[in-house]
Each structure stands twice: as C-alpha cells, then as structure tokens.
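>
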Amino acid sequence: MWRYRELVMPSVTDPVSHPEGNTPLIARGAVQTHARCASLLLKHEGHNPSGSFKDRGMTVAVTQARRIGARAVACASTGNTSASLAAYAAHAGLPALVFVPRGQIALGKLAQSLAYGARTLLVDTDFDGCLRLALEASRTLGVYLVNSVNPWRVEGQKTIVFELLQQLGYDAPDWIALPAGNLGNTSAFGKALREALALGMISRAPRLLAVQAEGAAPFASSFAAHFATREPVHAETLATAIKIGDPASWDRAVRAITETNGVVASVTDDEMLEAKAVIDASGVGCEPASAASVAGVRQLRDRGVIGDHERVVAVLTGHVLKDPGIIQRYHQEINPKPARANRPIEISASLAEVERVLSRP
Ligand code: F0G
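The sequence shown lines up with residues 13 to 373 when you count with the working numbering.
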C-alpha cells in the first residue's frame, strides 16, 4: 500500500511495514446469489499480514510513533486493532499496551496479541470503557495512542479505496459496503473518495453503505433520524469486532455518508451469520463482523435501494480464523441445527464407514 505514500505520508522513507495491502478483489457466484447482486465483488482485507484491514492504518501510525520517539504505543480494541498494533510494535521494537474488554474478544485476536508480545490488559468493562481508559492513559502517561482517532490510522485505511479503484481501472463501482463499529473506516473511506474526486482519479463517487449490527447500531438509528440525534447504546452482538455503543469517529463518518449520498443500515446477528456461512462455504471465509457488509447489500437489494444493475464492492474486513469460537458454535453446537451448519461426522476407523459417509447425498 505504500505505493500510495504521496496520499498517505509523503515524507516517509522507511515505514514500519510487514508489508500490507494488495488484497484481492474476489467474485463468488454463491455470495452474489445470496446477496441477490450479480455484480458483487469482495475486497478481502483479511489477506493483510495480521488478518485484518487494521494493518493499513497501523503501518502508518507505528511509523509515526517511531518518528516522534514514542516510549510506548497503546490502543483500546475489540481485538483486531490490538492484534495489528502488537505485530507492528514488535517489528518497530516498541513496547505495546493494549486495552481489551475481558471475555469479549475473539480467540484468534487475543492469541495474536499475546503471541506478538503486547502487554495485554483484559479490562473489566466494554470497548467504550476501554477506549476511555486508553485515552486517559495516553494523556497522563505519555504513551502514543493509535486508535482511529489518530489521524495517521485514517490516512492508511484510505488505501483500501484507492486500491479497489485501481483494481477496477478507476471505473468506480456504484456502491462500497463496509461493516461499521467505531466508524474510523467509514471516515477513512469518505476521505479517500473526497481526495480521489479532487485528484480526478474518478469522476463520480460511489455511495457508501455502512452496516452495523442491530444490537450495536447507534449510527444507523441516527441516520434514520437524518443525523439529528446521537444516542449511545449498550452494545450487544455476536460480532464482537463491532460491538461498540458510542463510536469515536462519529462526526467524520456523518460527513462521509452525507457527502457520498450514502446509507447506514443494520442487520441482525442471524443475517450476519447466514451471510458468513455463505462466504465461508464459498472457500473465501471471513469473520462475523465482515459478513455484515454482504448482509447489508442483500438487505438494500431487497429494499430496492441498490438497483438491479448497480455494481457493488463489499469489504471483508477480517480473516475467517479470527473467530474460531463462532464457527464451532454455528457448525457444531447451535440447536436446532442452522440450515447451513456443517456438522462434523464421528466414525470408527473403518473403510465401510468412510464409504457410507461418501455415498450420502
Ligand atoms: N470489521 C472488523 C473485522 C473490525 O475489527 C472492525 C473494528 C470493524 C469492521 C469496524 O471498523 O471500527 O472502523 O468502524 N475493529 C476495531 C478494533 C474497533 O478494535 O479492532 P470501524
């Protein structure tokens, strides 16, 4: 992604990079059928080094931390930002402090943070409480905060949009759909599209579709009231990545949606899990929150907001292995069995049993 350095951090010569970016744009018939959107493409950000889009912002923010001689770096996280920060801080040789809500982040993400060597604080609160504590710590203890309130994160995340436009030969799609939690990415997409238009990279901006989980949808509720209100909620959703009740990048995201004539929608956990099961079974795979983008496209097709022939890119924000717990629950534990559950089959070590399984419909 550093090929866009002039639009990200022009003065950089030696970024802290793993490297990141160059993620694929994927077409899968089964996913298009599920979303009822024949042109749907998936921009898979799970192909980044720590398995999520966060790496694009983190390479910039940690490069900046090193430039200013920070003594340590910190973030509050629902898991992916912390996994990414841990990986980049390790590379830069900087101590990392991560604040995560105890018992509320997915196993793969917690495992990464520990493995990459971050000081991992399991805080007895939710994400919103973690962010408040991290902000306080950065103010009083002088650690460099790399949440998406840090402008360098947003600069890096713009490259998702630049890259997908380039992959499409600068023939912009009609819509870009993305899951929305703390709204840093929605803000980054808005800024990227503003800049792409100003530079003449594209002649017309795609509409943004930001998709929240129904139990953590303060931004979607506000959109429905023409952004006249801002009411934090107590967040509840299985998609822990976007389990956020009081998003930090609110105002910038309002601008992104307004300027692109965008839409904010919310989807239920069941809709998200079903979309995930389809994406997973197509061999692509993603984490639960990522599937909100595809579930949102399906909803807007049903509502007639996305037209028959409109071209859509949905961003898959994280890798399928980020949240193995949800996969196990969906495929092995939920009763009654969800329609798309793929139950494992226990057999004795006999060829006859293998043959019996093989000949089943
Ligand atoms: N998808 C995934 C997989 C995420 O991890 C996040 C945010 C989002 C979507 C939403 O992006 O917050 O910019 O609106 N994860 C953050 C974290 C909050 O701490 O990892 P957003």
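Don't be surprised by glycine CBs; every beta carbon is placed ideally from N, CA and C.
Examine ligand 1 and report whether any of its heavy atoms sits within less than 6 angstroms of the Cβ of T272.
Flag unset: Cβ of T272 not near ligand 1.
> Could you tell me the alpha carbon to alpha carbon distance between A304 and C298, rounded to whole angstroms?
Each residue's alpha carbon lies about 10 angstroms from the other.
> By DSSP, does V223 sit in helix, in strand, or in coil?
In the structure shown, V223 sits in a strand (DSSP, three-state: E or B).
> Could you spell out the range, first to last residue, of the beta strand (DSSP E) harbouring K55?
It spans 53-56 - the beta strand (DSSP E) in which K55 sits, taken as one unbroken run.
> Does the distance between the C-beta of T71 and the nearest non-hydrogen atom of ligand 1 fall short of 6 angstroms?
Not under cutoff, so the answer is no.
> Put C142 into one of helix, strand or coil per three-state DSSP.
Helix.
> So is K349 buried or exposed if we call it buried at 16+ other beta carbons inside 10 Å?
K349 should be labelled exposed.
> Below 6 angstroms CB to CB, which residues in the same chain sit around D136 once its five sequence neighbours on both sides are set aside?
Only R114 meet the Cβ criterion.
> Go through its chain and collect everything with a Cβ distance to W14's Cβ below 8 angstroms, but skip five positions before and after it.
These residues qualify, in order along the chain: V20, V24, P27, S29, P31, G33, T71.
> For P107 and G319, I'd like the C-alpha separation in whole angstroms.
The alpha-carbon atoms of P107 and G319 are separated by roughly 49 angstroms.
> Can you list, in chain order, the residues of its chain with a C-beta nearer than 8 angstroms to that of G141? Leave out the 5 residues immediately preceding and following it.
Here the set comprises P113, V135.
> Within the present structure, is the beta-carbon of P191 separated from the nearest heavy atom of ligand 3 by less than 6 angstroms?
Absence of ligand 3 is noted for the structure shown, with ligand 1 being the only ligands found.
> In the DSSP output, which residue or residues are listed as bridge partners for G297?
Answer by DSSP bridge pairing: none, since G297 is not bridged.
> Out of R323, I357, E365, which has the shortest C-alpha to C-alpha gap to L51?
A small fix is needed here, since residue 51 is Ser in this sequence, not Leu. The candidate whose alpha carbon is nearest that of S51 is R323.
> Under three-state DSSP, which class holds V324?
Reduced to three states, the DSSP call for V324 is strand.
> Looking at the structure shown, is T171 part of a helix, part of a strand, or coil, going by DSSP?
Helix, per DSSP.
> Among residues of its own chain, excluding the 5 on either side of G91, which ones have a beta-carbon nearer than 6 angstroms to its beta-carbon?
The residues are I117, A118, K121.
> Would you mind reading off the limits of the beta strand (DSSP E) that contains P113?
Note, P113: beta strand (DSSP E), 108-113.
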